[in-house]
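Notes for the one structure printed next.
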């Protein structure tokens, strides 16, 4: 019997992905349905619904769920969920779709799902702004009207994404018909929740930590993972393999860098390298909660949350993504409440005087003695061909990343803020 944490929502893994004869029949049926083009973000959401990563969701959220998630971190039935999972469509498409209709959801020419529309609701500019304020502010009920728009950066990618959504949302259950390119492009790394759970069970793990990555793994990431290895049965290094913003390093390069690091610096039996098919939402603290929520479905009960988790520039406080876990609602029902807990790690760095990796909790020395590590700082140095300071990363990994940057024909400027540079330490 498995010792792992139960999937979120109390219904086991809720998987909408069809296979075999059911899949073939639904693909044939989809040809006769209205075709609705969906975003890359929705494509990733659909795949996660398909493989059980978004359990207990069966489809895109109704208005009551959207409102409850934004306002109280809970769907209409009281189940915890931190970020809206919605499907936006144009007014023109919405005008041709009625509640009760079945439609086909298409991305870049491929049918990813069929959907039974149970609700259609308008998203005004005011609705979108309210969603941004609640979700991206990171303070839930403390987000005061007007305050967000005074301080939100104009280039906040999450805000831009929501404000660019179309005029209506559709809600309803889905049948997922494709996992996209992930199985082919990331064999052995793209793993479904049922697969990671089976791997954990095979190794006898009961207490599992996850390390979220969207940047190449530097020494701080390695240190965080090894802290977790010391106190847990094992660690899932779980990289985002969906879409990022311009200037970020592509998934195949990051995955290879992790493989190099594991091969040379980890006890392989204690770590698993995997990827998941979502796009970043850049929701800071709320996204940290989302990462913990779907990691629970993968069999993880400890989420490593470090400095500026899922952050955007200097918009969020350095440890807001840790603090938000202390404010989320609890019903007392284990099925509805979040069971994946945060591992709150302080700012980590290499200290010359300590002669090793340390944190603000363990190192008594000064800023001048420390090598401040961040993914943004590493990407900026690599993109500019600058010298990488000693102890920033492992030589084998840095050689791999330098080769990637040397092959680029077009450079993307990487902005450096205080959170990444260490100025705010």
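Residue numbers (the numbering used here): -11 to 413. Just so it is clear, CB atoms sit at the ideal spot from N, CA and C, and this is done for glycine as well.
Judged by DSSP in its simplified three-state form, residue 310 adopts helix. Judged by their CB atoms, residue 181 and residue 285 are nearer to each other than the 7 Å cut-off. Fewer than three Cβ pairs drawn from the stretch 50 to 67 and the stretch 6 to 26 lie within less than 8 Å of each other, which leaves the two stretches out of contact. Measuring C-alpha to C-alpha distances from residue 96 to each of 136, 20 and 27 identifies 27 as the nearest. Distance from the CA atom of residue 367 to the CA atom of residue 361, rounded to whole angstroms, is 11 Å. Looking only at 101, 146, 382 and 267, the smallest Cα-Cα distance to residue 251 is reached by 382. Note that the C-beta distance between residue 196 and residue 176 is not below 7 Å. Residue 57: member of the alpha helix (DSSP H) spanning 51 to 60, first to last residue. Secondary structure at residue 253: helix, using DSSP grouped into helix, strand and coil. Its Cα nearest to that of residue 93, the residue 75 stands out among 71, 231 and 75.
A Cβ-Cβ distance of about 6 Å is found for the pair residue 338 and residue 207, placing them in contact under the 8 Å criterion. Here DSSP, grouped into helix, strand and coil, assigns residue 120 to helix.
Burial state of residue 147 is buried, judged by a 10 Å Cβ sphere holding 16 or more other Cβ atoms. Per the coordinates, the alpha-carbon of residue 137 lies some 20 Å from the alpha-carbon of residue 306. Leaving aside the five residues that flank residue 145 on each side, the residues in its chain whose CB is nearer than 8 Å to its CB run, in chain order, 233, 268, 270 and 300.
Under the three-state reduction of DSSP, residue 324 is assigned to coil, being neither helix nor strand. By a beta-carbon distance limit of 8 Å, residue 389 contacts residue 245. Their separation comes to about 6 Å. By the Cβ criterion, the stretch 106 to 122 is not in contact with the stretch 181 to 192, since fewer than three pairs of Cβ atoms, one from each stretch, lie closer than 8 Å. The three-state reading of DSSP puts residue 336 in strand, counting E and B together.
For residue 277 against residue 316, the beta-carbon gap comes to about 7 Å, under 8 Å, which counts as contact. When the five nearest sequence neighbours on each side are left out, the beta carbons in the same chain lying within less than 7 Å of the beta carbon of residue 23 are those of 92 and 94, in order along the chain.
Shown here for residue 345: same chain residues with a beta carbon closer than 7 Å to its own, the five before and five after excluded, namely 207, 211, 336 and 338 in chain order.
Assigned with DSSP and collapsed to three states, residue -8 falls in coil, not helix or strand. In this chain, the alpha helix (DSSP H) harbouring residue 371 covers 363 to 371. Nearest to residue 239 by alpha-carbon distance, out of 20, 265 and 260, is 265. Where residue 284 is concerned, the enclosing alpha helix (DSSP H) starts and stops at 273 to 285. Under the three-state reduction of DSSP output, residue 185 falls in the helix class. Within the same chain, and ignoring the five residues on either side of residue 116 in sequence, the residues whose Cβ sits closer than 7 Å to its Cβ are 150, 151 and 153. Residue environment analysis places residue 139 among the exposed positions, since fewer than 16 neighbouring C-beta atoms fall within 10 angstroms of its C-beta. Contact check for residue 325 against residue 68 passes: the beta carbons are separated by less than 7 Å. Ranked by Cα distance from residue 71, the first of 45, 84 and 183 is 45.
By a beta-carbon distance limit of 8 Å, residue 57 does not contact residue 103. Their separation comes to about 19 Å. For residue 345, the pairing in a beta bridge is given by DSSP as 338.
With contacts defined as CB atoms closer than 7 Å, residue 101 and residue 164 qualify as a contacting pair. It is roughly 20 Å from the alpha-carbon of residue -9 to the alpha-carbon of residue 225.
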